[in-house]
Amino acid sequence: MPRNTLFFTRQAPTNLQTFTDALGGFKAPPIEASGDPKQQFSVEGQKQPDFKTASSASCSKQKNDCANAANGAAKGQFKVNDCDNQNNACLAAQASATVQDFSGGGGGGNTALVNTGPDQANPDFDLFCQQ
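Its first residue numbered 279, the sequence shown is counted upward by one per residue in the numbering used here.
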C-alpha cells in the first residue's frame, strides 16, 4: 500500500447535536442513536422518528430549560426572548448540519486518516495521523 493513502475511520458519530451555544449554561441535549431501526434517534431517552424531529426536541429542551431559568433563578440575567433567539439559532444549525444520521465510513463527518509510513520503532506497523 502506498504511503500517504487517505483513509476514513469507520466510527459513526455518537451525538448529532451540533449547536454548542448555552445561554445560562443550558446546553441542547445530545441526539443519540436509539438502537431502534424504526425510530433511530433519541433525545434524553425519548425516541424520535427522524433527524428533524430529534433536532426540534433537543433544541426545544434547551429553550425550555433556558426560559425556566430566565423566569426563575436567573431572572434579570437574560430574557425569555434571548432563549427564543437561541432556539432559532439551534434549529438553523441543525438544519444545515452536514451529518444527519449515524452511518459510519466514507467521509461525512468522519475523521480522515493519512498513512505516514512505518513506525521507526516498530517497522512492521504503519503510523496514521488525523487530518
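Ideal placement from N, C-alpha and C gives every residue a C-beta, glycine not left out. Quick caveat, the model's predicted, so the values are computed rather than measured.
Open item on the list: Tell me whether the stretch 352-371 and the stretch 297-317 touch, counting them as touching only if at least three CB pairs, one residue from each stretch, are closer than 8 Å.
Closed with: yes
Open item on the list: Within 10 Å of its beta-carbon, does K353 have 16 or more other beta-carbons around it, so buried, or fewer, so exposed?
Closed with: exposed
TODO: Can you grab the Cα-Cα spacing for the pair P327 / Q318, in whole Å?
DONE: 6 Å
TODO: Could you name the residues of the same chain whose beta carbon sits closer than 8 Å to that of Q295, not counting the 5 residues immediately before and after it, in chain order?
DONE: A306, P307, P308, I309, S333, S336, Q372
Open item on the list: Could you pull the DSSP bridge partners for A495 from this structure?
Closed with: Outside the displayed span of the chain (279 to 409) sits residue 495, for which this structure offers no information.
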